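**Student:** Submitted below is the structure of interest, expressed as structure tokens.
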Amino acid sequence: MRECPDLLPDGWYQPPPTGASVLIGSPPTYARVEYESLRDPHTWPRADIRLRDDSLVYAYASPTDRATGMIGDIGVTLYHGPDHRIRQHVATCLELTVRIAALAEVGMELRELYHQAERLVKEAGLGNRTASATDSGAPNIGHTIPWTFGDYSAEDERRLRNGDPADVSDLISRQRIFLNPSTRRRIEPTMAFTVEPRMSSPSLPLSSFHIIVAFREGRKTISSEFGRLFRIFGMEEYLPRKALEALGEPFIDDPTQTGMRGTEHVDSRGERRKDPRRTRSQGRCSLHTP
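Residue numbers are given in the numbering used here: position 102 of the sequence shown equals residue 481, and the series is strictly consecutive.
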């Protein structure tokens, strides 16, 4: 984030320090990734944690556009180990997250999407552990992205213009609306929100994928920017192809493909159209907002 002049030097979600976190869990329990909140000091960087071939990793960052305050959070579970049970669990969690995002429609209440997500997770034999202290600890599956619908208030503009990091972080945090059991807010034709259930079971560790669903004039985009990380960890061997395609990730069959191809819009008839506006090339950084 600090290498991109268009972004604030640190992420908005603090603590953890700098608005980013990498948790590395090792078998047999993978206890390090079994976190309740990244704000907990016990999850912050430690000198005695090392990445191993069989580690389970959760990585998170919360980049923020300097001018607009738009956020582009990314959270991803990574695993290159040989345990088939863990591979299947990670693949299932990615597939469930994408299926939840695919259910979102303009006009749907956010609480309806939450309840449908909980049903899918339960049917898979898992539980959702996403909750936020900002939302009184209530369970949720994500939150809206501030200012993707509605206008900035004069006070919002003043606080963003002043650019005090702590003040901007507080502003963003308070502007979010959570996808929880009671939120009646409806999905608008132009709106963006995260889908980020944190799933586990008594016998399987926590796994989570933090994706962004964006509606622009009724057309839906589902995006993640996971592709290069999946390639680094060799996860193309076992992740479900349909889920990767739904996220607009590169076709992993092509070893020369290192950037993100244009994502696809999904309209109300289920037709997919590539969006040429969303690209990423080496040496350039951007937040893709609706």
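In this text, a Cβ means the ideal position worked out from N, Cα and C, and glycines have one as well. In this text the structure is predicted, and so the values were computed from the model without any measurement.
Mind checking which residues open and close the beta strand (DSSP E) that includes P584?
**Tutor:** Stepping through the sequence shown from its first residue, residue 584 is reached at position 205. Here the beta strand (DSSP E) through P584 covers L583 to S587.
**Student:** Going by beta-carbon coordinates alone, are A510 and A503 separated by less than 8 Å?
**Tutor:** Translated into positions along the sequence shown, residue 510 becomes position 131. Translated into positions along the sequence shown, residue 503 becomes position 124. For A510 and A503, no; Cβs fall outside 8 Å.
**Student:** Exposed or buried, what is T527 when buried is set at 16 or more other beta-carbons lying within 10 Å of its beta-carbon?
**Tutor:** Stepping through the sequence shown from its first residue, residue 527 is reached at position 148. Buried, since its Cβ has 16 or more Cβ neighbours within 10 Å.
**Student:** Count the other CB atoms, across all protein chains shown, that sit within 10 Å of the CB of A593; report buried if there are 16 or more and exposed otherwise.
**Tutor:** If you number the sequence shown from 1, residue 593 lands on position 214. Buried is the call here.
**Student:** Is the beta carbon of V574 less than 8 Å from the beta carbon of I453?
**Tutor:** One-based indexing of the sequence shown puts residue 574 at position 195. One-based indexing of the sequence shown puts residue 453 at position 74. Contact flag unset, no.
**Student:** Determine the DSSP secondary structure at W391, reduced to helix, strand or coil.
**Tutor:** Within the sequence shown, the letter at position 12 stands for residue 391. Coil.
**Student:** Go through its chain and collect everything with a Cβ distance to G613's Cβ below 6 Å, but skip five positions before and after it.
**Tutor:** Sequence index remark: in the sequence shown, residue 613 carries index 234 (1-based). The residues are H459.
**Student:** How would you call L430, buried or exposed, if buried means at least 16 neighbouring beta carbons within 10 angstroms?
**Tutor:** As a first step, residue 430 is located in the sequence shown; it is residue number 51 there, counting from the start. Classification of L430: exposed, given that the 10 Å Cβ count is below 16.
**Student:** Leaving out five residues on either side along the sequence, give the residues of the same chain with a beta carbon under 6 Å from the beta carbon of E628.
**Tutor:** The sequence position of residue 628 within the sequence shown is 249, counting from 1. Answer for E628: G606, listed in chain order.
**Student:** Which residue wins for smallest C-alpha separation from H589, given the options L618, G521 and R537?
**Tutor:** As a first step, residue 589 must be located in the sequence shown, where it is residue number 210. Of the candidates L618, G521 and R537, the one whose C-alpha sits nearest the C-alpha of H589 is G521.
**Student:** Express the C-alpha separation of S416 and S586 in angstroms, rounding to a whole number.
**Tutor:** Walking along the sequence shown from the start, residue 586 turns up at place 207. Walking along the sequence shown from the start, residue 416 turns up at place 37. Distance between the alpha carbons of S586 and S416 is about 14 Å.
**Student:** Just to confirm the assignment, what range does the beta strand (DSSP E) spanning R411 have?
**Tutor:** If you number the sequence shown from 1, residue 411 lands on position 32. It is not in any beta strand (DSSP E) - R411 carries neither H nor E in the DSSP assignment.
**Student:** Please classify P634 as buried or exposed, where buried requires at least 16 neighbouring CB atoms within 10 angstroms.
**Tutor:** For this step, residue 634 is matched to residue 255 along the sequence shown. Because P634 sits at a pLDDT of 47, beneath the cut-off of 50, its placement in the model cannot be relied upon, and the following sentence gives the value as read from the coordinates. Its Cβ having fewer than 16 others within 10 Å, P634 is exposed.
**Student:** Would you call G451 buried or exposed, if buried means 16 or more other Cβ atoms sit within 10 Å of its Cβ?
**Tutor:** For this step, residue 451 is matched to residue 72 along the sequence shown. G451 should be labelled buried.
**Student:** When you compare the CB positions of P619 and A470, do they come within less than 8 Å of one another, or not?
**Tutor:** One-based indexing of the sequence shown puts residue 619 at position 240. One-based indexing of the sequence shown puts residue 470 at position 91. In contact: P619 and A470 (Cβ atoms closer than 8 Å).
**Student:** Taking its Cβ as the centre, do 16 or more other Cβ atoms sit within 10 Å of D389, making it buried, or is it exposed?
**Tutor:** Looking up residue 389 in the sequence shown gives position 10. Burial call: buried.
**Student:** Rounding to the nearest angstrom, what Cα-Cα distance links P395 and P420 in this structure?
**Tutor:** On the sequence shown, residue 395 is found 16 positions in, with the first residue counted as 1. On the sequence shown, residue 420 is found 41 positions in, with the first residue counted as 1. Looking at the two C-alpha atoms, the distance is approximately 7 Å.
**Student:** Helix or strand or just coil, what does DSSP make of G670?
**Tutor:** For residue 670 there is no data in the structure shown, the boundaries of the chain being 380 and 669.
**Student:** Kindly indicate which three-state DSSP category R537 falls into: helix, strand or coil?
**Tutor:** To locate residue 537, count along the sequence shown from 1; it is residue 158. Reduced to three states, the DSSP call for R537 is helix.
**Student:** What alpha helix (DSSP H) runs, 4 residues minimum, are completely inside the segment 413-500?
**Tutor:** Runs found: 463-482.
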